[in-house]
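**Q**
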């Protein structure tokens with residue numbers, strides 16, 4: 010809500026999909042939500058990047074299997090060049106490799122087209138708040154194939170970084186989508202203590218945001234120890 014004008018600031022989105030039925034379905038659903046505004050619809054990777062640059066949407070709902078540049082490549086370019094735009098992959102693919110590749114490319118949400126429509130709406134609002142959206146079957150596959158594949162080299166990396174066990178656990182929780190409050194409840198500590206741990210971690214690793222911290226965790230397969 011814009012406190013000056015009293016007008017709700019809408020979440021501006023671009024839908025990138027080359028299937029007419031999907032587009033029509035998304036439009037019919039999303040227009041019913043007064044806090045969401047569709048600013049463009051694109052059907053290929055190149056046009057998606059052009060429209061993203063021109064319109065600077067808050068959220069990009071992106072199919073992976075696009076003509077021209079793939080959804081993964083679009084995601085990487087959007088994350089690098091238009092950091093204000095959050096990418097949600099909306100796709101028919103639900104296998105582990107695609108899920109992992111999507112998040113490694115920089116997506117912050119992954120919503121299979123088999124999910125209920127209200128889950129996509131939730132995802133839009135959640136990523137717009139600066140959080141990740143990893144729910145249901147995606148969460149199960151993601152955690153199983155990625156966070157639970159910890160190797161000895163990852164532990165050595167933590168030692169080199171001089172992180173404590175609790176600091177490593179805090180990173181793992183952030184990567185798994187837990188809030189500061191949820192981390193505090195899990196370890197029976199205060200939210201302030203969690204925030205101090207985060208500050209110390211970012212200082213040690215020379216990171217400057219929670220997003221960079223999560224990317225570090227993804228890169229190094231950090232899980233709860």
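Residue numbers (this note's numbering): 10 to 234. Think of the CB as a built atom: it goes at the ideal place given N, C-alpha and C, for glycine as much as any other residue. Computed from a prediction, not measured in an experiment: that's the story for all the values here.
Closest to residue 39 by CA distance: which of 89, 57, 20 and 124 is it?
**A** Indexing the chain shown from 1 puts residue 39 at position 30. Of the listed residues, the one whose Cα sits closest to residue 39 is 20.
**Q** Does the pairing of the segment 22 to 33 with the segment 45 to 53 give three or more beta-carbon distances under 8 angstroms?
**A** Yes: at least three Cβ pairs fall under 8 angstroms.
**Q** Just checking my contact of residue 88 with residue 111 at CB under 8 angstroms: how many whole Å lie between their CB atoms?
**A** Locating residue 88 in the chain shown gives position 79, counting from the first residue. Locating residue 111 in the chain shown gives position 102, counting from the first residue. 11 angstroms between Cβ atoms; not a contact.
**Q** Do residue 130 and residue 99 have their C-beta atoms closer together than 8 angstroms?
**A** Against the chain shown, residue 130 aligns to sequence position 121. Against the chain shown, residue 99 aligns to sequence position 90. No, the pair does not count as a contact, with Cβ atoms beyond the cut-off.
**Q** For residue 207 and residue 139, what's the separation of their Cα atoms in angstroms?
**A** Taking the chain shown and counting its residues from 1, the one referred to as residue 207 is at position 198. Taking the chain shown and counting its residues from 1, the one referred to as residue 139 is at position 130. If you take the alpha carbons of residue 207 and residue 139, they lie about 16 angstroms apart.
**Q** Taking the alpha carbon of residue 91 as the reference point, which residue from 221, 223 and 67 has its own alpha carbon closest?
**A** Counted from its first residue, the chain shown places residue 91 at position 82. The residue with the shortest Cα to Cα distance from residue 91 is 67.
**Q** In whole angstroms, give me the CA-to-CA distance for residue 105 and residue 178.
**A** Within the chain shown, the letter at position 96 stands for residue 105. Within the chain shown, the letter at position 169 stands for residue 178. For residue 105 and residue 178, the distance between alpha carbons rounds to 23 angstroms.
**Q** How many Å lie between residue 190 and residue 77 at the Cα?
**A** Residue mapping note: residue 190 aligns to position 181 of the chain shown, counting from 1. Residue mapping note: residue 77 aligns to position 68 of the chain shown, counting from 1. Using only the alpha carbons, I get a separation of about 43 angstroms.
**Q** Can you look up residue 77 in the DSSP assignment and give me helix, strand or coil?
**A** Position 68 of the chain shown, counting from 1, holds the residue named residue 77. Three-state result, residue 77: coil.
**Q** Drop a sphere of 10 angstroms on the beta-carbon of residue 205, count the other beta-carbons inside from all chains shown, and report buried for 16 or more, exposed for fewer.
**A** Residue mapping note: residue 205 aligns to position 196 of the chain shown, counting from 1. Its Cβ having fewer than 16 others within 10 Å, residue 205 is exposed.
**Q** Just to confirm, are residue 209 and residue 176 a CB contact at a threshold of 8 angstroms?
**A** Walking along the chain shown from the start, residue 209 turns up at place 200. Walking along the chain shown from the start, residue 176 turns up at place 167. Taking 8 angstroms as the Cβ cut-off, residue 209 and residue 176 qualify as a contacting pair.
**Q** So if DSSP puts residue 132 in a beta bridge, which residue, or which two residues, is it bridged to?
**A** Taking the first residue of the chain shown as position 1, residue 132 is located at position 123. Looking at the DSSP assignment, residue 132 forms no beta bridge with any residue, so it has no partner.
**Q** Exposed or buried, residue 95, counting other C-beta atoms within 10 Å across all chains shown (16 or more means buried)?
**A** For the purposes of this step, residue 95 is identified with residue 86 of the chain shown, where counting begins at 1. Result: buried.
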